[in-house]
Amino acid sequence: MNSLAVFILAFALWLSKGLYLRPIVERLSMRTNEIAAYWTVVSIFDVVLAIFVTLLCPNVYFLRWSFPVRDFLILFAFAVLSFLPAIGEFHRFLNPQSKEEREMVELIRKASFIQLAVLQIISAVLPEELVFRYVFLGLLSLWNPFAGLIAVSIFFGLSHKFSHPERGCGMLVSNVLTGFVLSLGYLYTKSVLVVMAIHWLGNMIPWALIKYERARKTLTAAIVLLAVVPPIAFWDELRTVWDYLKGIYSPDGLLWGVAIGGAMPIMAYAGVKLRKKNSTKASE
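Here the sequence shown stands for residues 24 to 307, where the numbers follow my numbering.
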């Protein structure tokens with residue numbers, strides 16, 4: 024089946040998941056924590072979606088299960104650097120102001136490291152990498168790799184903005200850059216394990232700085248080293264990544280990527296508004 028047709032179908036199924044997952048989440052919430060129930064159901068749905076997409080378009084399964092360490096270190100360094108535009112807002116995260124922020128910080132401080140690690144996997148790493156990288160980027164890259172890279176990077180950033188509207192432009196830019204690094208990493212290494220590891224570590228950094236307050240200076244120094252040393256130490260590998268990026272670049276890919284990346288959040292927003300409108304009518 025044509026990869027673009029499968030992409031449209033997969034995007035539609037992903038957008039409408041709230042319609043058929045909500046009853047399952049509500050039932051599971053009676054037996055366990057509501058947050059755990061929600062993310063467990065969503066993660067299972069994303070796994071099923073990935074399998075369904077693979078059956079429709081087997082070529083999307085071009086991934087490797089290897090773990091190239093040098094590539095991981097270089098890409099993780101750039102993922103850390105992508106935090107820079109959000110430094111101002113990151114300070115706010117360490118010193119919460121709103122009720123929601125304080126509750127989140129309290130949860131992080133009370134939970135064990137293993138609990139936080141598992142929460143990151145089921146709430147961000149597994150669902151987002153399966154959907155954004157394996158499904159969306161994988162399908163679009165079969166048509167135009169650079170268009171897929173740009174589109175998924177933009178949508179990754181904007182979707183996080185929709186989920187957290189209180190966050191500013193710095194965080195939006197940071198999320199787009201992070202999406203770009205993860206997407207480039209997936210296309211270059213074809214390793215879902217690499218991008219999952221980068222995503223998990225990147226998300227755990229802020230939580231670690233909150234939870235282990237006494238070790239903030241040590242953690243910060245280690246993070247700076249991880250952001251600076253690998254690109255210098257593995258300069259040849261960095262040039263190879265750059266050559267790959269230049270090789271897939273095309274002007275039409277850039278234009279298509281911006282167009283698709285802009286259209287995806289518009290459709291997602293329209294879908295959310297439509298569901299809210301229908302639920303309001305049903306309750307009247």
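For every residue, glycine included, the Cβ atom is placed at its ideal position computed from N, Cα and C. Quick caveat, the model's predicted, so the values are computed rather than measured.
By Cβ distance below 6 Å, which residues in the same chain neighbour C80 in space, the five residues on each side in sequence not counted? Taken in chain order, the residues that qualify are M24, S26, V29.
Can you look up S176 in the DSSP assignment and give me helix, strand or coil? The three-state secondary structure of S176, taken from DSSP, is helix.
Counting Cβ pairs closer than 8 Å, one from the stretch 251–270 and one from the stretch 127–144, do we hit at least three? Cβ pair count under 8 Å is below three, so no.
Could you spell out the range, first to last residue, of the alpha helix (DSSP H) harbouring F203? Annotation for F203: the continuous alpha helix (DSSP H) segment containing it runs 192–212.
Apart from the five residues on each side of it in sequence, which residues of its chain come closer than 6 Å, Cβ to Cβ, to F203? Residues of the same chain with a CB within less than 6 Å of the CB of F203, apart from the 5 flanking positions on each side, are S176 in chain order.
Kindly identify the DSSP beta-bridge partner or partners of R87. S214, per the DSSP bridge assignment.
Just checking my contact of N226 with A147 at CB under 8 Å: how many whole Å lie between their CB atoms? Right, their Cβ atoms sit about 6 Å apart.
Boundaries of the alpha helix (DSSP H) in which N138 is found, first to last residue: Checking the sequence shown, residue 138 turns out to be Gln, not Asn. It spans 136–143 - the alpha helix (DSSP H) in which Q138 sits, taken as one unbroken run.
Where does the unbroken alpha helix (DSSP H) through R115 begin, and where does it stop? First-last of the alpha helix (DSSP H) with R115: 110–117.
Residue closest to P119, alpha-carbon to alpha-carbon, out of I271, F99, A245, I233: Nearest C-alpha to P119 among I271, F99, A245, I233: I233.
Roughly how many angstroms separate the alpha carbons of P46 and W223, rounded to a whole number? The C-alpha of W223 is placed about 29 Å away from the C-alpha of P46.
Close-in-space but distant-in-sequence residues of the same chain around L165 (CB under 6 Å, 5 per side omitted): Take L165, set aside five residues on each side of it, and the residues of its chain with a beta-carbon closer than 6 Å to its own are S26, N82, in chain order.
Looking at the secondary structure, which residues open and close the alpha helix (DSSP H) in which M24 lies? Counting along the chain, no alpha helix (DSSP H) covers M24, and no H or E run does either.
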